[in-house]
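Single-structure report; data block below.
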Amino acid sequence: MFTKSLNTINLINRFLECCTVIPDKLQLVGMAALLLACKHEDVSVPLVEDFVLICYKVYTRKDIPDTGKGSCDD
């Protein structure tokens, strides 16, 4: 579990080094990083719907995977 937290923080840091993120989308970046860290370490990955519920449905199911695919346009 501790390694997953470190991997999540590392992914967020690396993303923020190359991209400017508005504060409204910072939670979305964190969710995408956590999803990627879970995919890297866990055998059973949480469902994207679980992440949508965690963030009180501020983002849709489509928003979370799209964050990982996004390019950094500064």
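Going by the numbering used here, the letters in the sequence shown line up with residues 125 to 198, in that order.
Cβ coordinates follow ideal geometry from the N, Cα and C atoms, glycine included.
Where Ile146 falls: helix, strand or coil (DSSP): Taking the sequence shown and counting its residues from 1, the one referred to as residue 146 is at position 22. Coil at Ile146, not helix or strand.
Can the beta-carbon of Ala157 be found less than 8 Å from the beta-carbon of Thr132? As a position in the sequence shown, residue 157 is number 33, starting the count at 1. As a position in the sequence shown, residue 132 is number 8, starting the count at 1. Their beta carbons are under 8 Å apart, which means Ala157 touches Thr132 by this criterion.
Should Leu159 go down as buried or exposed, given a rule of 16 or more other Cβ atoms within 10 Å for buried? Position 35 of the sequence shown, counted from the start, is the residue given in the question as residue 159. The residue in question, Leu159, is buried, as its Cβ has 16 or more Cβ neighbours within 10 Å.
Using C-beta distances below 8 Å, list every residue in its chain close to Gly154, excluding the 5 sequence neighbours before and after it, in chain order. Within the sequence shown, the letter at position 30 stands for residue 154. Closer than 8 Å at the Cβ level, and outside the excluded window around Gly154, lie Thr132 and Ile136.
Residue range of the alpha helix (DSSP H) that includes Asp174: Position 50 of the sequence shown, counting from 1, holds the residue named residue 174. Per DSSP, Asp174 belongs to the alpha helix (DSSP H) from Val172 to Ile178.
Same chain, Cβ closer than 7 Å to Phe175, five either side skipped, listed in chain order: Mapped onto the sequence shown, residue 175 falls at position 51. Contacts found: Met155, Leu159 and Ile188.
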